[in-house]
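What follows is a short report on a single structure.
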Amino acid sequence: QFAFNKAIERDQAWLDDFLVQETDDFPDQEFVLNWVVGDHDKVKELKSRFGNSVQTVYRTGESIDGIKTEFLSNAQTPDLWWEPDGIGVIDSLLR
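Here the sequence shown stands for residues 99 to 193, numbered as in my numbering.
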């Protein structure tokens, strides 16, 4: 993937074991993080295109009309009742 990105002159960077690349393609490879530069309209477009594959949309500022969002500060410390895939954390632990 790194060689392909280099050949097509796509911005990218290695971060330890992860490749970070600038693209709005659907992420389909392990250890590859896609980043996208855009505004609220771009977020709405991607959420519409990828549908329920997007578990959570994080934000640092104002909310985005029509999209459920969470603060980025909660990304690594989700609430105990967080259900990203429709399965409650407590329910999954009790099984």
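C-beta: ideal position from N, C-alpha, C; glycine also.
Q. With which residues is residue 111 paired in a DSSP beta bridge?
A. According to DSSP, residue 111 bridges with 118.
(Q) DSSP has residue 167 in a bridge; who is on the other side? (A) 155
Q) With 16 other CB atoms within 10 Å as the buried threshold, where does residue 119 fall? A) Classification for residue 119: buried.
Q. Can residue 116 and residue 129 be called in contact, C-beta distance under 7 Å?
A. yes
(Q) Assuming the contact rule is C-beta atoms closer than 8 Å, residue 140 and residue 134 should be a hit. Round their C-beta distance to whole Å, please. (A) 6 Å
**Q.** 6 Å Cβ shell around residue 158 - same chain, five flanking residues per side excluded
**A.** 170
Q) What residue does the beta strand (DSSP E) around residue 150 start on, and which one ends it? A) For residue 150, no beta strand (DSSP E) encloses it, and the DSSP letter there is neither H nor E.
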